[in-house]
Structures are given as C-alpha cells and as structure tokens.
Amino acid sequence: MAAAPTPVTNPSPGPAPSRTLVVRGIDVPIPVRDGETVLAAIYRAGYAVRAGCHRGGCGICTVQVVEGDVDYPVTVCEQALPASQRAQGVALACRAVPVDDVTIAVAPESRLRCIAPLLTRLVLGEEAASRKPA
Ligand code: FES
C-alpha cells in the first residue's frame, strides 16, 4: 500500500516568511524570509530599485527605514553607510536584513518599479500587481 502524500505547506523554495516588508508606494506587505535582505525581498516580489555593487560598498541602494529595525549580518562599508546616517534610519537595501516587520521609504531617484508583474501576482496577489508604485 502506498503512503499518503505529504501536504505541501510551503510550495515556494526556501524557508517560510517570518516577517514583512512594506515599501511605501507599493503598500502591500512583502513576506521576508529569515536572513533575506530588503533588496532580495523587493526583487522576489517582482520589483526593483536602483542598486550598484550588491555588496554594501557603494551606497547606491540606500533606503529610509520608517518603522521596524534592520540588522547587518555581514559587513558594510563605513563610507557607503556612515554611522551618523545609520543612526537616522538610513539603510543599505542590499545588506539590511529585517529583524522585525519593517516599513521603508524609497527616494524617487531610486526608481522603484515593477519589473516582473507575474512574480508580483504570485507573491503579493492580483490587486498588488495592478498598482503602479507611487
Ligand atoms: S548596491 Fe552597493 S551598497 Fe547596496
């Protein structure tokens, strides 16, 4: 007799999301996996923002943390994110990992945009996919 199939509880690869990221302008909570960076979560939801090195060295991917907190499990360059800016809530999206539910604001010059509407539909739902980032 064959064993009963195991129910699928998390069909997407990787660990289940444990936190959410709200990007002002999208305003739909993006699920964030353990250890996932802000930038990776944005990409996984089908969006993009301006970024450069993706290694915490250039400072191009700065965002403003409005609510919640982020941590840096790996080193970031002091020149890319000076302590004074970090204290004011500026974060490097490519290295910042949410430690709780986080809301960020993205400056207009960072060009928040949807680059993969199908991913947006899958991750955030149909309503979110129909919105244009403000
Ligand atoms: S992309 Fe260079 S610091 Fe984030």
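Using the numbering used here, the letters of the sequence shown correspond one by one to residues 106 to 239.
Even glycine gets a Cβ: it sits at the ideal position worked out from N, Cα and C.
These numbers were taken from a predicted model, which means no experiment stands behind them.
Beta strand (DSSP E) segment containing Thr225, residue limits: Segment Pro222 to Leu229 is the alpha helix (DSSP H) holding Thr225; no beta strand (DSSP E) there.
Any 3 or more C-beta pairs closer than 8 Å across the stretch 126-142 and the stretch 209-223: Output reads yes: the stretch 209-223 touches the stretch 126-142.
Proximity winner among Arg226, Cys199 and Pro222, relative to Cys158 (alpha-carbon distances): Of the listed residues, the one whose Cα sits closest to Cys158 is Cys199.
CB-CB length for Val137 against Pro238, believed under 8 Å: By a beta-carbon distance limit of 8 Å, Val137 does not contact Pro238. Their separation comes to about 18 Å.
Span separating the alpha-carbon of Ala234 from that of Pro222: Cα to Cα, Ala234 sits roughly 6 Å from Pro222.
Runs of beta strand (DSSP E) wholly within the stretch 189-224 (minimum 3 residues, chain order): Unbroken beta strand (DSSP E) runs of no fewer than 3 residues, entirely contained in the stretch 189-224, are found at 195-197 and 207-210, following chain order.
At least three beta-carbon pairs within less than 8 Å, the stretch 173-185 to the stretch 145-156: Remark: fewer than three beta-carbon pairs, one from each stretch, lie closer than 8 Å, so the stretch 173-185 and the stretch 145-156 are not flagged as touching.
Segment limits, beta strand (DSSP E) that includes Val170: Thr167 to Glu172 is the extent of the beta strand (DSSP E) around Val170.
Whole-angstrom distance between Val228 and Arg191, CA atom to CA atom: Each residue's Cα considered, the two are about 29 Å apart.
Among Ala156, Gln169, Cys182 and Cys163, the one whose alpha carbon lies nearest that of Val127: The candidate whose alpha carbon is nearest that of Val127 is Gln169.
C-beta atoms of Val211 and Thr167 nearer than 7 Å: No. Outside cutoff.
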